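Structure, as structure tokens:
Numbering (the numbering used here), first residue to last: 1 to 277.
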């Protein structure tokens, strides 16, 4: 599967690269629902829209600048920013350590395109004792799914997890799609599936694990699960982040456990704030 505009930035452990242009964000930190601004920022087809996910387990808290504007401050692992707008044009994006503009971790020229909606995922790749921070830019499809369904996208950002699939482990509503599951995803890949709206328990499983004959996945074999209330016409993203074996990370700081971060992207074709479910 082709990766979506992927860029890797070599670093010493503790560096990170992201893109942003906002002054607030939503923290994961084990909270099922986090408070946000009442309304997403106004946007039109003349603006570009971005959101940032911090999925690099060993990275420090970060600040992000777009040109000379402080755009994101104090993002921790598992944080997801709301959607925010950027005027079309060319910008210099800089990522620094928190509260230290001089400690630049990454810099890149970016192009904001009118009408685009993009999620920027920051995550860690490891090879032996070397650590790399990769930045994936995912194009967000906010179009309304079929009536009675919701669309869920899964992105694999766990550096030590095997290829994975997304399955329904429990459904409290009609399952018009049988037992849907995503295609197998390798590290750094994404795919979407449509599910029946209503309360669904979604599990991430090793891609080579066989599905039981009763049509639903056994939750005991899941690497992680999330219980979500999927709105009719809703669009969601799940990010598989952290380490399956956190004590074997490249650095002592690389101890974030494997989990699913859930984000609502849109409802009925209208962009949501973009924060954690």
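Note that CB positions come from ideal geometry on N, CA and C, so glycine has one too.
Note that the structure is predicted; figures quoted are calculated from it, not measured.
- Residue environment analysis places residue 169 among the buried positions, since at least 16 neighbouring C-beta atoms fall within 10 angstroms of its C-beta.
- Going by DSSP, residue 182 is part of no beta strand (DSSP E) at all; its letter is neither H nor E.
- When the alpha-carbon of residue 199 is set against those of 234, 186 and 185, the nearest one is in 234.
- Residue 57 carries a coil assignment under DSSP once its states are collapsed to helix, strand and coil.
- Three or more beta-carbon pairs drawn from the region 85-95 and the region 46-57 are found closer than 8 Å, and the two stretches are therefore classed as touching.
- Burial of residue 81 is indicated by the presence of at least 16 other C-beta atoms within 10 angstroms of its C-beta.
- 98 is the residue among 45, 58 and 98 whose C-alpha sits nearest the C-alpha of residue 70.
- DSSP places residue 74 in the uninterrupted beta strand (DSSP E) bounded by 69-75.
- With contact defined as three or more Cβ pairs closer than 8 Å, the region 131-147 and the region 105-121 are in contact.
- Secondary structure of residue 162 (DSSP, three-state): coil.
- In the structure shown, the three-state DSSP call for residue 206 is strand.
- DSSP, reduced to helix, strand and coil, places residue 234 within a strand of the structure shown.
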